[in-house]
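Worksheet: one structure, shown below.
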Amino acid sequence: MVPPWIRVPGYGSHASGHLPRWRRPNPGHTLAARNPCTTEKAVLTDLDTSGTAPAPVREAPPRGSLAPDRGPPTQLPDAPGRPPAAPLAAGAFAALRHRNFRLFWFGQLFSLTGTWMQSTAQGWLVLELTNSELLLGLVTAASSLPVLLFTLYAGVVADRMEKRRIILAAQGAALVFALALGLLTGTGHITLGWILLLVLLFGTANAFEVPTRQSFFVDLVGKEDLTNAIALNSAAFNLTRVIGPAVAGVLIGTVGIAAAFFLNALSYLGVIGGLLLIRLPKFRPPPRTQSTVENLREGFAWIRGNRLPKTLVGLIAAFSILAFPYAMLLPVFARDVLGVGAPGLGALLSATGAGALAGGIALAVIGDRVRRGPLLLVSSLSFTSLLVAFAFSRSFTLSLVLLAAAGFTMILNNATTNALLQSLVPDALRGRVMSVYVFMFLGMTPVGSLQAGAVARWLGAPVALAGGGVVLLLVILIVWWRVPELREVR
């Protein structure tokens, strides 16, 4: 049975009298009583507020409890007593002062470059083998199918086991799979069946690695620099998104597709080496007092009982189904709509990555200086509108500009959603809640890829992308109208 105090004050229906003293809501923090001139527009008591009056002394929650981790009180920029803000340049790289994060971050630069090379080469290979947008969508869906099957369980594992070991095992397995894909392609034995099998294996490794990595950042930098670490990780992800596809496009046109797969296998050594050099306190597994099903139910109950996390998870699912399939359709746009071939595909992907890199750097610089609620609204509407505009573009140059702008707004949207959710989740549930986030982020991709592939086969790729974008715009507007807390959250 889920404990009744799993809900966050201000969201659940439990009266304060049924909550431990440290979980009872502060009447001064309710939305109706909040004075916008003296307090932050935080919606939850999870997001601690402080105004010009001294904050009441609170008893710290017990270690390992399911109470949201509040951290130190935050204040408005003009609130009295606020320490001087760190210089923008220093704040942009705050997480890199942590040795463990530096090792992991630079290792990721090598590994993710190879990942983007393989992703680009794989999409082109499938299109060359099958000449079918629907089968291209099927392969993309197959790569995400294991996320539907294993990610939620992976969140339980991440809360029970040492996270570094899980990530090491997943990266090592992916290295082997990349070698196999390169060998099959290089020797001419590659078929659609082999591709489907290998993407399923890759997807299984990702199902365990991604949610574990998302909850691993707090172990590397602590709560203070968590938002900056997420932003820098997004910047690294998108820096490699610029380099990887461009290199893959050159390789495909010169030495062949297999070279991209071999270089990806080699790139995994970077992150594996970084993980082996990281020094962490000895891991002490928590006592197992519940079954796996009960653990999963507990994570879902926390999300279901808290309106803001529930809304964030729902929004990311909508993006995964209606917007993110654009990446799967890019080979079709490059070959059939814009007529620019494999090098053009690499340029389109690199433009997206360049914009997303700029977005990650911008987010790292501004940090918490901008309210995350309005930032989420503007970035989500902008990203979706830019995708609709790209769907109707027939100019290669204009398409590059639109994708770069879409990449910029996409990373603002994704990283802000991630950081906001992580600021709300209690430590004891972090792995499970982030696994639900990844489940929606990646697990809904098969649904999105299949629907986009089917519509593209029937009506064309531009209609598939534009139609999904228009529906998503309506979803975003409805959510922002019905959930005012999301507009006001700090």
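Okay, so the sequence shown: first residue is 3 according to this note's numbering, each after it adds one.
Using N, Cα and C, we set each Cβ at its ideal position, and we do this for glycine too.
It should be emphasised that the depicted structure is a prediction, and the values quoted were computed from it without experimental measurement.
Can you tell me whether Thr-399 is helix, strand or coil according to DSSP?
Position 397 of the sequence shown, counted from the start, is the residue given in the question as residue 399. Thr-399: helix per DSSP, three-state reduction.
Can you round the beta-carbon distance between Leu-378 and Thr-419 to whole angstroms, since I take them to be within the 8 Å contact cut?
One-based indexing of the sequence shown puts residue 378 at position 376. One-based indexing of the sequence shown puts residue 419 at position 417. About 7 Å separates the two Cβ atoms, so the contact holds.
Considering Cα atoms alone, identify which of Val-427, Gly-462, Leu-114 is closest to Gly-246.
As a first step, residue 246 is located in the sequence shown; it is residue number 244 there, counting from the start. The residue with the shortest Cα to Cα distance from Gly-246 is Leu-114.
Should Trp-495 be labelled buried (16 or more other beta-carbon atoms within 10 Å of its own) or exposed?
Absent from the model: residue 495. The displayed extent of the chain is 3 to 492, so no value can be given.
Let me make sure I understand the geometry here. Which of Ala-182, Ser-236, Thr-193, Gly-275 has the alpha-carbon closest to that of Ile-169?
As a working note, residue 169 is residue 167 in the sequence shown. Ranking Ala-182, Ser-236, Thr-193, Gly-275 by Cα distance to Ile-169 puts Gly-275 first.
State yes or no: is the C-beta of Asn-415 within less than 8 Å of the C-beta of Phe-385?
Residue numbering aside, residue 415 sits at position 413 when the sequence shown is read from its first letter. Residue numbering aside, residue 385 sits at position 383 when the sequence shown is read from its first letter. Yes; because the gap between Cβ atoms is below 8 Å, this pair is in contact.
From Leu-314 to Gln-424, what distance separates their C-alpha atoms?
Residue 314 sits at position 312 when you count from the first residue of the sequence shown. Residue 424 sits at position 422 when you count from the first residue of the sequence shown. Their Cα atoms are separated by approximately 11 Å.
Buried or exposed: where does Lys-165 fall if 16 or more other Cβ atoms within 10 Å of its Cβ makes it buried?
If you number the sequence shown from 1, residue 165 lands on position 163. The residue in question, Lys-165, is buried, as its Cβ has 16 or more Cβ neighbours within 10 Å.
Taking DSSP as the reference, what is the three-state secondary structure of Ser-293?
Here residue 293 corresponds to residue number 291 of the sequence shown, with the count starting at 1. In the structure shown, Ser-293 sits in coil (DSSP, three-state: anything other than H, G, I, E or B).
When you compare only the Cα positions, how much space is there between Leu-422 and Val-380?
For the purposes of this step, residue 422 is identified with residue 420 of the sequence shown, where counting begins at 1. For the purposes of this step, residue 380 is identified with residue 378 of the sequence shown, where counting begins at 1. Going from the Cα of Leu-422 to the Cα of Val-380 covers about 15 Å.
Compute the Euclidean distance between the alpha carbons of Arg-374 and Val-491, then round it to the nearest angstrom.
Along the sequence shown, read from residue 1 onward, the residue named residue 374 stands at position 372. Along the sequence shown, read from residue 1 onward, the residue named residue 491 stands at position 489. If I take the Cα positions, the gap works out to 6 Å.
Report yes if the C-beta distance between Phe-2 and Ala-250 is below 8 Å; otherwise report no.
The chain is shown only over 3 to 492; residue 2 falls outside these bounds and no answer can be derived.
Rounded to a whole number of angstroms, what is the C-alpha to C-alpha distance between Trp-483 and Leu-186?
Numbered from 1 along the sequence shown, position 481 holds the residue referred to as residue 483. Numbered from 1 along the sequence shown, position 184 holds the residue referred to as residue 186. Each residue's Cα considered, the two are about 52 Å apart.
Which of the three DSSP states, helix, strand or coil, is assigned to Asp-227?
As a position in the sequence shown, residue 227 is number 225, starting the count at 1. In this structure, Asp-227 counts as coil in the three-state DSSP scheme.
Residue ranges of each alpha helix (DSSP H) run of no fewer than 4 residues wholly in the stretch 252-316, ordered along the chain?
If we require 4 residues or more, the alpha helix (DSSP H) runs fully inside the stretch 252-316 come out as 260-279, 294-306.
Relative to the C-alpha of Ala-407, which residue among Leu-359, Val-438, Arg-396, Arg-434 is closest?
Here residue 407 corresponds to residue number 405 of the sequence shown, with the count starting at 1. Of the listed residues, the one whose Cα sits closest to Ala-407 is Leu-359.
If we require 4 or more residues per run, which alpha helix (DSSP H) segments fall completely within the stretch 347-420?
You should have 374-393.
Exposed or buried, which one is Val-485 when buried takes at least 16 other CB atoms within 10 Å?
Counting from one through the sequence shown, the residue named residue 485 turns up at place 483. So Val-485 counts as buried.
Restricting to Cα atoms, I'd like to know which of Leu-389, Gly-272, Thr-294, Phe-219 is closest to Ala-325.
Mapped onto the sequence shown, residue 325 falls at position 323. Among Leu-389, Gly-272, Thr-294, Phe-219, the Cα nearest to that of Ala-325 belongs to Leu-389.
The alpha helix (DSSP H) spanning Ser-113 covers which residue range?
As a working mapping, residue 113 is identified with position 111 in the sequence shown. 101-132 is the span of the alpha helix (DSSP H), which, as asked, contains Ser-113.
Relative to the C-alpha of Leu-271, which residue among Ser-146, Phe-239, Gly-174 is closest?
Taking the sequence shown and counting its residues from 1, the one referred to as residue 271 is at position 269. Minimum Cα distance to Leu-271 is reached at Gly-174.
Select from Trp-196, Ala-207, Pro-148, Tyr-155 the residue whose C-alpha is nearest the C-alpha of Ala-172.
Residue 172 sits at position 170 when you count from the first residue of the sequence shown. Per the Cα distances, Ala-207.
Take Val-440 as the anchor and find which of Gly-109, Trp-118, Leu-154 has the nearest alpha-carbon.
Your numbering for residue 440 matches position 438 in the sequence shown. Checked all of Gly-109, Trp-118, Leu-154; the closest Cα to Val-440 is Leu-154.
Roughly how many angstroms lie between the CA atoms of His-16 and Gly-307, to the nearest whole one?
Against the sequence shown, residue 16 aligns to sequence position 14. Against the sequence shown, residue 307 aligns to sequence position 305. Residue placement at His-16 is flagged as unreliable, the pLDDT there being 39, under the threshold of 50; the coordinate-derived value follows with that caveat. So the two alpha carbons sit approximately 10 Å from each other.
Start and end of the alpha helix (DSSP H) containing Asp-161?
Within the sequence shown, numbered from 1, the residue matching residue 161 stands at position 159. Segment 135-162, the alpha helix (DSSP H) holding Asp-161.
With 16 other CB atoms within 10 Å as the buried threshold, where does Arg-286 fall?
As a first step, residue 286 must be located in the sequence shown, where it is residue number 284. That one is exposed.
Alpha carbon to alpha carbon, how far is Ser-542 from Leu-127?
Limits of the chain in this structure are 3 at one end and 492 at the other, which puts residue 542 out of reach.
Measure the CB-CB distance between Val-220 and Phe-103 and report whether it falls below 8 Å.
As a first step, residue 220 must be located in the sequence shown, where it is residue number 218. As a first step, residue 103 must be located in the sequence shown, where it is residue number 101. Going by C-beta atoms, Val-220 is not nearer than 8 Å to Phe-103.
What is the residue span of the alpha helix (DSSP H) that Arg-484 lies within?
By 1-based counting over the sequence shown, the position of residue 484 is 482. Unbroken alpha helix (DSSP H) run through Arg-484: 463-484.
Please list, in chain order, all residues of the same chain as Gly-188 whose beta carbon is under 6 Å from its beta carbon, the five residues on each side excluded.
For the purposes of this step, residue 188 is taken as the residue at position 186 of the sequence shown. Only Ala-260 meet the Cβ criterion.
Short of 6 Å in beta carbon distance, which residues of its chain neighbour Ile-192, apart from the five on each side in sequence? Order them along the chain.
Reading the sequence shown from its first residue, position 190 is the one you call residue 192. So the list reads Leu-186, once near-sequence residues are dropped.
Please confirm whether Leu-243 and Gly-355 have their CB atoms less than 8 Å apart.
Mapped onto the sequence shown, residue 243 falls at position 241. Mapped onto the sequence shown, residue 355 falls at position 353. For the sequence presented, residue 243 should be read as Arg rather than Leu. Cβ atoms of Arg-243 and Gly-355: closer than 8 Å.
Rounded C-beta distance between Gly-195 and Leu-452? I'm assuming under 8 Å.
Taking the first residue of the sequence shown as position 1, residue 195 is located at position 193. Taking the first residue of the sequence shown as position 1, residue 452 is located at position 450. So it is not a contact: roughly 18 Å between Cβ atoms.
Measure the alpha-carbon distance for Ser-382 versus Ala-262 and round it to whole angstroms.
In the sequence shown, counting from the first residue as 1, residue 382 sits at position 380. In the sequence shown, counting from the first residue as 1, residue 262 sits at position 260. Rounded to whole angstroms, Ser-382 to Ala-262 spans 33 Å at the Cα level.
Taking buried to mean at least 16 other C-beta atoms within 10 Å of its own C-beta, is Gln-292 buried or exposed?
In the sequence shown, the residue the question calls residue 292 occupies position 290. By the neighbour-count rule (16 or more Cβ atoms within 10 Å), Gln-292 is not buried but exposed.
Measuring CA to CA, which of Leu-431, Val-334, Gly-362 is closest to Glu-300?
If you number the sequence shown from 1, residue 300 lands on position 298. The option with the nearest alpha carbon to Glu-300 is Leu-431.
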